[in-house]
Amino acid sequence: MAGVYILAIDQGTTSSRAIVFDADGAIVALDQREHHQSYPRPGWVEHDPVEIWHQVQAVSTRALDQAGLSRADVAAIGITNQRETTILWDARTGEPVHPAIVWQDTRTDALIRSLAGDAGPDRFRERCGLPLATYFAAPKVVWLLDNVPGLRARAEAGEIHFGTVDTWLIEKLTGRHVTDVTNASRTMLMNLATLDWDEELLSAFGIPRAMLPEIGPSSHVYGEATTMLHGVPVASALGDQQAALFGQACFAPGEAKCTYGTGSFLLLNTGAQPVVSTRGLLTTVGYRIGDADPVYALEGSIAITGALVQWLRDNLGLIGSAPEINELAATVTDNGGCYIVPAFSGLFAPHWRPDARGVITGLTGYVTKGHIARAALEATAWQVKDVVDAMMAESAVPLETLKVDGGMTASDLLMAFQADVLDVPVVRPTVSETTALGAAYAAGLAVGFWPDTETLREKWRADRQWSPSMSAETRDRGHASWLKAVERSFGWA
1 MAGVYILAID
11 QGTTSSRAIV
21 FDADGAIVAL
31 DQREHHQSYP
41 RPGWVEHDPV
51 EIWHQVQAVS
61 TRALDQAGLS
71 RADVAAIGIT
81 NQRETTILWD
91 ARTGEPVHPA
101 IVWQDTRTDA
111 LIRSLAGDAG
121 PDRFRERCGL
131 PLATYFAAPK
141 VVWLLDNVPG
151 LRARAEAGEI
161 HFGTVDTWLI
171 EKLTGRHVTD
181 VTNASRTMLM
191 NLATLDWDEE
201 LLSAFGIPRA
211 MLPEIGPSSH
221 VYGEATTMLH
231 GVPVASALGD
241 QQAALFGQAC
251 FAPGEAKCTY
261 GTGSFLLLNT
271 GAQPVVSTRG
281 LLTTVGYRIG
291 DADPVYALEG
301 SIAITGALVQ
311 WLRDNLGLIG
321 SAPEINELAA
331 TVTDNGGCYI
341 VPAFSGLFAP
351 HWRPDARGVI
361 TGLTGYVTKG
371 HIARAALEAT
381 AWQVKDVVDA
391 MMAESAVPLE
401 TLKVDGGMTA
411 SDLLMAFQAD
421 VLDVPVVRPT
431 VSETTALGAA
441 YAAGLAVGFW
451 PDTETLREKW
461 RADRQWSPSM
471 SAETRDRGHA
481 SWLKAVERSF
491 GWA
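According to the UniProt record's numbering, the residues represented by the sequence shown are 1 to 493, in order.
Here is the structure:
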């Protein structure tokens, strides 16, 4: 290992980023490029895989140029990616046979209902940890096999490769057709216990095994780059939310992180055994380091958090910019009895109510713009509390601290309220790019750049902590009102 830096590739839903980290886990350089979002029909969302590959090459080159580095300075490449987004390509030429079907795409809704049948959405949950939903990769693969002429026969003949974005990038970089356990755990095709493709699931979906990649650990040398950065080991792959868990050094059971963005994602480390949820959470692989036992996680996905602030800005004109929500909310000391449930397209975890729609409740003549702004921020905290409550009901280890990242953590008011309603400290790290940092950490471990997770834990630094100060009576009263508002959102669609 000659290099003294790690290059993390963070391929997200709207952009690709490359970040160079040093041995302290500090950011040395960063470059980012957005890619085109295609909406060919209502409910359809597509990306161009070739454009994504070109963007990844461009940002990687520019990040190294910014830092004045060459490939000889790079010890390893780590990859983290938007999850579930599905790509099929010609195994010989490497050319995609169709645009990537993005995780948000809902074209498989009828297929999902058909597969659920009388068994319901939990038909496969025991095996794969996931409910039947348009969200995951398997139904997207089925749609492609059924709708692209001749594709099924070619897939059965081994002429077609399937992959999530990590697989696409690793094959472009190294020539190997592989994925990691975290991404495989989002396909609905991997058995959570064996960490291998499940024959019963493949049969139920009608997906040929010949098209699937080999499953490897998250921290592991997949091969050396043969294109850009020739000779540098590609040494990690993790889905974005699992990478954030790793980047937040949540290495012990009971440790959790929440990423606050357009939506929010909460992951709780549950240790060496998967916990199959009965309360609307997803069971997933948190990470696997080399040949060590896998670490599992419970995940709660919240559809709308930061997007509610954007809606107040763009649709109602209540604020001129997103940060103004904090100033407006600070003009009042409470929500004035107003609650907003942002179920714009249903509610995700832990309710899973596609029939829910957004509601604003508790309005009186007393309520001002400030109260509405505060209720919008509080809606995020209450939704996170609902997910945490479900997790605590299913986990044997109590939550002691919540580590947070993402754009909304810049709101001190929100973070303080989050600590109050959870009744645990909320901690924001010094390095905000936790997703890319997680990919870098995992790659560094694989090549000996860092010796172990304890070293990584020591490098993790807190920027700020908020401690709870709300009385139990106030918290319980507010939560009861919130749950009443949530009930009012049901049954509109």
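All C-beta atoms in this analysis are idealised placements derived from N, C-alpha and C, irrespective of residue type, glycine included.
Asked	Found
Bridge partners - Thr401, DSSP secondary structure assignment	The partner list for Thr401 (beta bridge, DSSP) is empty, contrary to what the question assumes.
C-alpha distance - Ala100 paired with Glu84, whole-angstrom precision	10 Å
Distance, His220 Cα to Ile340 Cα	44 Å
Leu7, enclosing beta strand (DSSP E) - first and last residue	5-11
Euclidean distance between Cα positions of Gly461 and Ala410	As written in the sequence, residue 461 is Arg, which differs from the Gly given in the question. Their backbone Cα atoms lie some 17 Å apart in a straight line.
Residue burial classification, Glu171 (beta-carbon count within 10 angstroms, cutoff 16)	buried
Assigned secondary structure, Phe136 (DSSP; H/G/I helix, E/B strand, else coil)	coil
Rounded separation between residue 494 and Ala480 - CA only	This structure leaves residue 494 out entirely; the chain is present only between 1 and 493.
Buried versus exposed, by CB contacts within 10 Å (16 or more), Asn81	buried
C-alpha gap between Ala356 and Arg488, whole angstroms	9 Å
Where the alpha helix (DSSP H) through His371 begins and ends	369-394
Local Cβ density within 10 Å of Thr453, reported as buried at 16 or more and exposed below that	buried
Length at least 4, wholly inside the stretch 78-145: the alpha helix (DSSP H) runs in chain order	109-116, 125-128
Residue span of the alpha helix (DSSP H) that contains Tyr441, given as start and end	434-446
Endpoints, alpha helix (DSSP H) assigned at Asn326	324-329
Residue 522, DSSP secondary structure in three states	The first residue shown for the chain is 1 and the last is 493, placing residue 522 beyond what the model contains.
Coil, strand or helix - Phe251 by DSSP	coil
Beta-bridge partners of Phe162, as assigned by DSSP	Leu88
Nonlocal neighbours in the same chain, by C-beta distance under 6 Å from Ala235, ignoring five residues either side	Ala76, Val221, Ala443, Ala446, Val447
CB contact flag (Arg123, Leu115, <8 Å)	yes
Collapsed DSSP secondary structure at Arg464 in the structure displayed	strand
Where Ser301 falls: helix, strand or coil (DSSP)	strand
Where the alpha helix (DSSP H) containing Arg154 begins and where it ends	151-156
Own chain partners of Pro208 with C-beta closer than 7 Å, once the 5 adjacent residues on each side are dropped	Ala155, Glu156
Nearest-angstrom Cβ-Cβ length linking Gly129 and Val276, presumed shorter than 8 Å	6 Å
Burial state of Lys484, where buried means 16 or more other Cβ atoms lie within 10 Å	exposed
Rounded C-alpha distance that separates Tyr441 from Ser469	34 Å
Where Met211 sits in the DSSP three-state scheme	helix
Three-way DSSP call (helix, strand, coil) for Asp22 in this model	coil
Buried or exposed (CB count within 10 angstroms, at least 16 for buried), Ala492	According to the sequence shown, residue 492 is Trp rather than Ala. The residue in question, Trp492, is exposed, as its Cβ has fewer than 16 Cβ neighbours within 10 Å.
Cβ contact (3+ pairs, closer than 8 Å) linking the stretch 59-73 and the stretch 156-167	no
Beta-carbon proximity of Glu46 to Ser38, cut-off 8 Å	yes
Residue range of the unbroken alpha helix (DSSP H) whose run includes Asn183	181-184
Thr409: first and last residue of the uninterrupted alpha helix (DSSP H) it sits in	From DSSP, Thr409 is part of no alpha helix (DSSP H); its letter is neither H nor E.
Contact set for Met188: own chain, Cβ-Cβ below 8 Å, skip 5 residues either direction	Phe124, Cys128, Leu130, Leu132, Phe136, Ala137, Ala138, Pro139, Leu201, Phe205
Inter-residue Cα distance where the pair is Ala375 and Leu282	28 Å
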